[in-house]
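Undergrad: Pasting in a structure now, in structure tokens, and then I'll have a few things to ask.
Number of protein chains: 2
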Amino acid sequence: MTSSTDPLVLFMPSGKRGRFPVGTPVLDAARSLGVYVESVCGGRATCGRCQVEVQEGSFAKHKIVSSNAHISARGAKEERYDRVRGLPENRRLSCSATIQGDLVIDVPQDTVVNAQVVRKSAIDRIIERNPAVQLCYVEVDEPDMHKPLGDLDRLKVMLDKDWGWDNLLVSQYLIPQVQGILRKGNWGVTAAIHRDLEASRPNIIALWPGLHNEAYGIACDIGSTTIAMHLVSLLSGRIVASSGMQNPQIRFGEDLMSRVSYVMMNPDGRAQLTKAVRDAVTELTRKVCAEGGVDPNNVLDAVIVGNPIMHHLFLGIDPTELGQAPFALAVSGSVHTWASDLGLGINTGARIYMLPCIAGHVGADAAGATLSEGPHRQDRMMLLVDVGTNAEIVLGNRERIVAASSPTGPAFEGAEISAGQRAAPGAIERVRIDPATLEPRFKIIGSDLWSNEPGFDADAERLGITGICGSAIIEVVAEMYLAGIISEDGVIDGALAARSPRIRQTGRTHSYLLHHGKQEISVTQNDVRAIQLAKSALYAGVKLLMEKLGVDHVDTIALAGAFGSFIDPKYAMVLGLIPDCDLAEVKAVGNAAGTGALMALLNRDYRREIEQTVQRIEKIETALEPRFQQHFVNAMALPNKVDAFPHLAQAVTLPVRSTTVDATTGDSTPRRRSREERDARRNRS
Amino acid sequence: MTSSTDPLVLFMPSGKRGRFPVGTPVLDAARSLGVYVESVCGGRATCGRCQVEVQEGSFAKHKIVSSNAHISARGAKEERYDRVRGLPENRRLSCSATIQGDLVIDVPQDTVVNAQVVRKSAIDRIIERNPAVQLCYVEVDEPDMHKPLGDLDRLKVMLDKDWGWDNLLVSQYLIPQVQGILRKGNWGVTAAIHRDLEASRPNIIALWPGLHNEAYGIACDIGSTTIAMHLVSLLSGRIVASSGMQNPQIRFGEDLMSRVSYVMMNPDGRAQLTKAVRDAVTELTRKVCAEGGVDPNNVLDAVIVGNPIMHHLFLGIDPTELGQAPFALAVSGSVHTWASDLGLGINTGARIYMLPCIAGHVGADAAGATLSEGPHRQDRMMLLVDVGTNAEIVLGNRERIVAASSPTGPAFEGAEISAGQRAAPGAIERVRIDPATLEPRFKIIGSDLWSNEPGFDADAERLGITGICGSAIIEVVAEMYLAGIISEDGVIDGALAARSPRIRQTGRTHSYLLHHGKQEISVTQNDVRAIQLAKSALYAGVKLLMEKLGVDHVDTIALAGAFGSFIDPKYAMVLGLIPDCDLAEVKAVGNAAGTGALMALLNRDYRREIEQTVQRIEKIETALEPRFQQHFVNAMALPNKVDAFPHLAQAVTLPVRSTTVDATTGDSTPRRRSREERDARRNRS
């Protein structure tokens, strides 16, 4: 019972406030307001996790050791903690400090103890912590012949009494260990309690003798090419290490479909691919733990995302069904499982949570990206694109969301491009072409200089100029288009050969010579066609979704993944990969799938949020949509045959269109359409 | 909505009744009344589990095919079932047959389909079925590109829609199998759902393509000497096979304490003993499955009981703590775990439930016996005794229950008896002594004849007369007492050597010659002392518990275990193993621990019942009770020094007491007391 004369306490940064009777521990006040303050030791003032800063009393600068303090003076427990572990002067243990008057309490934002801000994502969002795992220290009664309750049973009694955990389950592997752990800790023990869903019973997943103050989790995005992982403290929210490695499944096939084929052709193919990916996740876990100086036994929770085929292979599910219509997922909902079943080398009791898959081609990675970028949390119409071999596309806002996958193929990753290469030192990453002279200048990875600047040659000599990396392919084709070298239908203008030696005939088509050194680096007509096909597929998917929602523009575009991080949004729009949008609203969001996994790791509420959101998402199968093909054909032109790019036109001078377009159907002259359709069909079949 | 004009339907044998609108399927009516009728196929009339007999209409003999039938005529579904599987004329499928008028429905008591009576225990109790595992057949929607819900997710949808299971968990091992099983069953699938506690989420533990109509469970009592097992159909309640085998741990030590010593002395001792007992349970499971013609993969649930040391070793827990004060159990509450963790060779998803232990010396076997005999369900004061190396004693009624363990030692099992042997052909099992001549007659296992009857010699020749089995030791000592050969303080009267050559001096004491053939079989003074010590320990425990409850008599005595099954209650009382009681109320109840396990297997409500009962039981540690020693000393006399045996005196002519007894303190003459105390102390230390 509180009255209006009780002290008023304001918690920052949440701004939550309430009145509490004099003498209330600050920790209790925080909890009753739903302010998350960590505590492992259960108010014994030994874990130090519940530190807060008392910024003001009576909403004026407060001195802790003043005679009329609004907060209790440091007691014996805090003095002891200070002696043993050190407690900065402005810090208090909220389990011990009690309210004596009006207060402003700052829950520290730093990442060493008890941070509520754990990571600013690309869109500057705060992840509030509410992990599925909690550490709870208790002191268990010694065995008593008169009350012969078992060790485990007395432990449960204390976890209920001190922490309110009733109805606890216990991981089987702990049962033989309980008696030893309790005795080793002299009846003091720290239990890791896992509870994800409210509907499921909380579970003791790990035990340590005495006070144990470390709990970590991993967030992992299993990509076809790269596996990325964060190691995070579940107690502070701090990212301890982040790392990545190549997916070793690449040796079974570069792209997803070749891996599915491997499974279909080899009796133990599925088992091999599952072992490869699990071994890799295990190895990467070992690596981030080593980097972060963390004992893998302290890793207690894991959140995994991945495309449907990676998701299935990681779980040991045959992905063959995903390689053919109806692209049936074996499991689409979120999966809760045990790390020990998958052999990840972390704590035996650790859990794994896998985000739901959206559809047969739109996986848990897209769900992670959705969770991270949050179209469902916005009024604005957001387009979220994650480009890989397939482009996963999510479009919507808080009202309605649609999602699809488009078969872009690997051109954006440089795979079908004659001079394409992976991003590595010496690869061309930026290109500009002078429209007057048609002369290019470029930058290579490893040098800050443009190719026409003094000193570049030395860098080039050192690094070598080896090819064009994925993101630069967009740029060079776009610059060629802006310079008039290629027409809006993607044909390199052979007549320009008279003006510039860089335009050269090769067979029946022409190419553009970007660099002439030890190695000739050219953009061929086929390269341009490959980019056109890829971008048409992406754009057609986007267009289909916009049509489903009945919108003619998007307010904001999030480009996820490595590709999205390196391309210049302007050039992406010049080529017509993405629809017109205020360029300031087009943002690279990095590994949004991994960020989503991180969010679900640090706050289990996000798991429910994405599960509910995925159920709401309307799934569009591009292969079933007759309009897709039409959008695809229309999108072959640069930037597009039917859609206007008013925002882009303000930023860039686009070449004048040379063909007449029927604005209703998007049809241009019959001759061109039929050729483009033929190209499209041949390349898609 | 039902009205008073609706037909009245009476279900037998439960007697539950209610009115239902015309057209209500009989199965629905049964369910709404809480009458348990099995159904696997979900009303598709394919599983045949829901068969009932329609005994009467309008409470007069009913003809099923009469024109004014009170039950619907057989429809197409039942006709099809009859053609495919056969349906007796008086049987109906309750999912298809509908109520058309007043009915008496007999839920069949046979054990092939849907029996409610599954087993009559020694006390003639019906076990109503409510197993933790239920089979549910569903037909799952095929994959749909427009609604890309996963295979598993669509299965869950149907299990919710058809069977009302929401919030289902799925055993991890099934996740990679779901897609194959669904396709193999052409989208028809049977799921085994496990739900023990209401508070826990139901779990899909097994899946089969198509309709699967078999689910079994095992109930197992792991004794120190013998492991006993029942294999039961969870669908019908029928006991398919029962078997036992020797506990192979015997090679590590005959009795429990020597096995604990083995664990203490050998670094991998615990692991060896755990492996031995798990292997034995696995082997016995294989055996009962083979006997019953049951595929071990169809075994989905198991209930295990055992004394605390067997319980701990089976779970892989070091039992060392149980070998010394304070006899701390690592876990006392019930344990839910997975068969696959223990490697029992049954279905991968099968569960194991272990009954709670009562105290460090009173295990899950005593809990099972308590559940079976049910003192907590009675107004009468019941004494439940399970005699082994320790005697586990439970005393009480619905108001209050106490339990203890007494250190009887192995004498009752024949281990410390000179001519003692295990029950086997040729062992003496019954003995009578003529008080006039002191000549014995006896029976041996394998022959129906008394030793003084014609033809016995041929049997004896064939079988050999090899020793005295455990139960007969009680009988021979009691007969010796009744014949006056031993005094009430247990001394063989050497003076009788003059009257009979069967009384012989050996050293400073005398012995009684029971048989003189190839082998001499005698009862020595030491044998009598060993029995006296054992029976005193048992009786002292019982007396302590009676004292705790403040009762001076018991209404009924249940003697559990093999020992209890073979001894004659009269002789047990003559020797004063058990307190005075109407002999008609002293019953051998067989393997009550195993019966309790069976009950908990067939009806999960019994699990809650015994969990709650065990919490209520007051645990008495005899080692901590000063009165125990006094009771022990008093109990050395035959039948007892202080307690009267009025019921026994009506049945048997007891020898006249030769010593004066102080009824208040139980003290007899100082000389005798001190000798008995000395004996007692020497033998117990």
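Note that the protein sequences, when read in sequence, are chains Z and R.
Take 1089 as the starting number for the first sequence in the working numbering and just add one per residue.
Take 1089 as the starting number for the second sequence in the working numbering and just add one per residue.
For every residue, glycine included, the Cβ atom is placed at its ideal position computed from N, Cα and C.
All of these numbers come straight from a predicted model, not from anything done at the bench.
Between the stretch 1485 to 1497 of chain Z and the stretch 1630 to 1641 of chain Z, can you find at least three pairs of beta-carbon atoms closer than 8 Å?
TA: yes
Undergrad: Could you give the uninterrupted runs of the beta strand (DSSP E) lying entirely in the stretch 1398 to 1448 of chain Z, keeping only those of 3 residues or more?
TA: 1423 to 1426 and 1439 to 1442
Undergrad: Within the chosen definition, does the stretch 1681 to 1693 of chain Z reach the stretch 1376 to 1394 of chain Z through at least 3 CB pairs nearer than 8 Å?
TA: Per the Cβ contact rule, the stretch 1681 to 1693 of chain Z is in contact with the stretch 1376 to 1394 of chain Z (3 or more Cβ pairs under 8 Å).
Undergrad: Taking 8 Å as the threshold (C-beta atoms), are Z:Met1246 and Z:Val1221 in contact?
TA: no
Undergrad: Assuming R:Leu1459 and R:Gly1311 make a contact with CB atoms under 8 Å, what is their CB distance in whole Å?
TA: Actually they are not in contact, since the Cβ atoms of R:Leu1459 and R:Gly1311 sit about 17 Å apart, beyond 8 Å.
Undergrad: Does the Cβ of Z:Asp1453 have 16 or more other Cβ atoms within 10 Å, making it buried, or fewer, making it exposed?
TA: buried
Undergrad: Where does the unbroken alpha helix (DSSP H) through Z:Tyr1659 begin, and where does it stop?
TA: Pro1657 to Val1662
Undergrad: Ignore the nearest five residues each way along the sequence and tell me which others in R:Arg1289's own chain have a CB closer than 6 Å to its CB.
TA: Asn1255 and Leu1257
Undergrad: Kindly list, in the order they appear in chain Z, the residues whose Cβ is closer than 9 Å to that of R:Trp1296.
TA: None at all; the shortest Cβ gap to chain Z is about 17 Å.
Undergrad: Could you pull out every residue in the same chain whose Cβ sits closer than 8 Å to the Cβ of Z:Asp1212, ignoring the five residues on either side in sequence?
TA: Note that Z:Asp1212 scores 44 on pLDDT, short of 50, meaning its location in the model is unreliable; the coordinates nonetheless yield the value given after this. Within the same chain, Z:Asp1212 has no close Cβ partners at all.
Undergrad: Is the stretch 1171 to 1185 of chain R touching the stretch 1123 to 1139 of chain R, taking contact as three or more C-beta pairs under 8 Å?
TA: By the Cβ rule, the stretch 1171 to 1185 of chain R counts as touching the stretch 1123 to 1139 of chain R, because three or more pairs are nearer than 8 Å.
Undergrad: On the premise that R:Val1277 lies in contact with R:Pro1264, defined as a C-beta separation below 8 Å, what is that separation, rounded to the nearest angstrom?
TA: In this structure R:Pro1264 is not in contact with R:Val1277, their Cβ atoms being roughly 15 Å apart against a cut-off of 8 Å.
Undergrad: Can you tell me which of the three DSSP states Z:Leu1098 falls into?
TA: Z:Leu1098: strand per DSSP, three-state reduction.
Undergrad: Of all the CB atoms in chain R, is at least one closer than 8 Å to the CB of Z:Asn1255?
TA: yes
Undergrad: Residues in the stretch 1263 to 1289 of chain R with C-beta within 7 Å of chain Z's C-beta atoms, listed in sequence order?
TA: If the cut-off is 7 Å between Cβ atoms, the stretch 1263 to 1289 of chain R has Ile1263, Pro1264, Val1266, Gln1267, Ala1287, Ser1288 and Arg1289 near chain Z.
Undergrad: Counting only C-beta atoms, is R:Gly1238 closer than 8 Å to chain Z at any point?
TA: yes
Undergrad: Just to confirm before moving on: does the CB-CB distance between R:Met1470 and R:Asp1643 stay below 8 Å?
TA: Cβ atoms of R:Met1470 and R:Asp1643: closer than 8 Å.
Undergrad: Determine, for Z:Glu1635, whether the minimum Cβ-Cβ distance to residues of chain R falls below 8 Å.
TA: Not closer than 8 Å to any Cβ of chain R, the Cβ of Z:Glu1635 fails to qualify, so no.
Undergrad: Which class does R:Arg1105 belong to by DSSP, given the choice of helix, strand or coil?
TA: Looking at R:Arg1105 - three-state DSSP - the assignment turns out to be strand.
Undergrad: Here's the rule: buried if 16 or more other CB atoms are within 10 angstroms of the residue's CB, otherwise exposed. What is Z:Met1353?
TA: exposed
Undergrad: Taking the alpha-carbon positions, what's the Z:Trp1538 to Z:Val1639 distance?
TA: 41 Å
Undergrad: Under a CB-based cut-off of 8 Å, is R:Ala1418 close to chain Z?
TA: yes
Undergrad: Leaving aside the five residues before and after Z:Gly1111 along the sequence, list all residues of the same chain whose C-beta is less than 6 Å from its C-beta, in chain order.
TA: Shown here for Z:Gly1111: same chain residues with a beta carbon closer than 6 Å to its own, the five before and five after excluded, namely Thr1186 in chain order.
Undergrad: Could you check where the alpha helix (DSSP H) with R:Glu1501 kicks off and where it finishes?
TA: DSSP places R:Glu1501 in no alpha helix (DSSP H); its state is neither H nor E.
Undergrad: Kindly list, in the order they appear in chain Z, the residues whose Cβ is closer than 7 Å to that of R:Thr1710.
TA: Within 7 Å Cβ-Cβ: nothing; R:Thr1710 doesn't reach chain Z, min ~10 Å.
Undergrad: DSSP state of R:Asp1615, grouped into three classes?
TA: In the three-state reduction of the DSSP assignment, R:Asp1615 falls in the helix class, which pools H, G and I.
Undergrad: Can you list, in chain order, the residues of its chain with a C-beta nearer than 7 Å to that of R:Asn1478? Leave out the 5 residues immediately preceding and following it.
TA: Counting only Cβ-Cβ distances below 7 Å, and skipping sequence neighbours, we find His1449, Ser1493, Ser1494, Pro1495 and Thr1496.
Undergrad: So, does the CB of Z:Gln1260 fall closer than 8 Å to a CB anywhere in chain R?
TA: yes
Undergrad: Whole angstroms are fine: how far does the CA of R:Thr1313 sit from the CA of R:Arg1510?
TA: 11 Å
Undergrad: Using DSSP with H/G/I as helix, E/B as strand and the rest coil, what is R:Cys1557?
TA: strand
Undergrad: Spell out the partners DSSP gives Z:Thr1644 in its beta bridges.
TA: Bridge partners of Z:Thr1644: Z:Met1470.
Undergrad: Output the distance between the C-alpha atoms of R:Ala1499 and R:Gly1332, rounded to the nearest integer angstrom.
TA: Cα to Cα, R:Ala1499 sits roughly 23 Å from R:Gly1332.
Undergrad: So what's Z:Asn1218 in DSSP terms, helix, strand or just coil?
TA: strand
Undergrad: From R:Leu1372 to R:Pro1095, what does the alpha carbon distance come to, in whole angstroms?
TA: 51 Å
Undergrad: Does Z:Trp1251 come out as helix, strand or coil in the three-state DSSP assignment?
TA: helix
Undergrad: Under 7 Å Cβ to Cβ from R:Ser1154, same chain only, skipping five residues before and after it: list those, please.
TA: At R:Ser1154, the pLDDT of 38 sits below 50, so the modelled position is not reliable and the matter cannot be decided from this model.
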